[in-house]
Amino acid sequence: MDVILIKPGLVEETERDLQNKIRGTITLPHGLLSLGAILQKKGYEVLIIDETLGRDTYNLLTQALSTKPICVGITATTGSQLKLGVKMAELIRSKSDIPIVWGGHHVTDWPKQSLEDDLVDMVVIGEGDISFGNLVMALDNGDSLSDIKGIGYKDSNGIQINPPEILVELDDIPRLPYDLVDMEAYIEHINKNKITRGVEIVTSRGCPYRCTFCYQSVLKEKW
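The opening residue of the sequence shown carries number 158 in my numbering; numbering runs sequentially from there.
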């Protein structure tokens, strides 16, 4: 296994029944699928672990770490998902010294603060389609990280935050590798009125508005 991509859960294991009652807690990991598509195109083998499905994710992660991957990526928003992501990172650190790369809304909003934590080796800021693929290649080849846009990292001079990467053209993303996830699990968990089976697709990114509670107020991506 070359790269492990993790979507932490949203609630503790003891609250799974509550999770199943909350609309939208179990949805396709669209961002990780996009990263997986790009990494596969570059020739890397990818494993996606989605803790929201309630599988035995810790054992699955432990087994995957034994293959000595290039890095592990964790995506998380601020709140309970971040807390559970930290538990994943603690497990990784206890068993391996491979780089832990964080992405998602929280580290996009707080890259420097995030990098101050020992469980964060690198962060991907904003959309990671281009940045994360370039980061994996650099780690694989032992290249410098200083020229990779859209990331933050730590070196002997402290915390480094590189300039942002351009937004990816959605038409340039390869076909999503749905075989990397258990599609039936997501299809059966659809939680919408009068719909018993279904999945969501992403047809656009960004937003023309700047609601202060949303990460778009930081990224300022156009629709």
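Cβ coordinates follow ideal geometry from the N, Cα and C atoms, glycine included. Since the structure is predicted, the reported quantities are computational estimates derived from the model, not experimental observations.
Exercise. Could you round the C-beta distance between D278 and I257 to whole angstroms and report it? I think they count as a contact, below 8 Å.
Key: The pair is a contact, with the Cβ atoms about 5 Å apart (cut-off 8 Å).
Quiz item: Taking Cβ to Cβ, would you say V229 is nearer than 8 Å to E284?
Solution: No Cβ-Cβ contact shorter than 8 Å links V229 with E284.
Quiz item: With 16 as the cutoff for other CB atoms within 10 Å, does W380 come out buried or exposed?
Solution: With a 10 Å radius around the Cβ and a threshold of 16 neighbouring Cβ atoms, W380 comes out exposed.
Quiz item: Taking Cβ positions, are V281 and I249 nearer each other than 8 Å?
Solution: In this structure, V281 sits away from I249, with a CB-CB distance that is not shorter than 8 Å.
Quiz prompt | Alpha-carbon to alpha-carbon, W267 and N291 | solution = Rounded to whole angstroms, N291 to W267 spans 21 Å at the Cα level.
Quiz item: How is the beta strand (DSSP E) around A281 delimited, first residue to last?
Solution: One detail in the question is off: residue 281 reads as Val in this sequence, not Ala. V281 -> beta strand (DSSP E) spans 279 to 281.
Quiz item: Hey, which unbroken runs of the alpha helix (DSSP H) at 4 residues or more fall wholly within the segment 320 to 348?
Solution: Correct list: 340 to 345.
Quiz prompt | Counterpart residues of W259 in DSSP-defined beta bridges | solution = The partner list for W259 (beta bridge, DSSP) reads I231, V280.
Exercise. Give a yes or no on contact between the segment 352 to 360 and the segment 302 to 317, applying the rule of three or more CB pairs nearer than 8 Å.
Key: Segments in contact, no.
Self-check item: Any 3 or more C-beta pairs closer than 8 Å across the segment 211 to 222 and the segment 230 to 237
Solution: Output reads no: the segment 230 to 237 does not touch the segment 211 to 222.
Exercise. Give the single residue among M340, E378, E341 whose Cα lies nearest to the Cα of N368.
Key: According to the sequence displayed, residue 368 carries Cys and not Asn. Ranking M340, E378, E341 by Cα distance to C368 puts E378 first.
Quiz prompt | Helix, strand or coil at V168 [DSSP, three-state] | solution = In this structure, V168 counts as coil in the three-state DSSP scheme.
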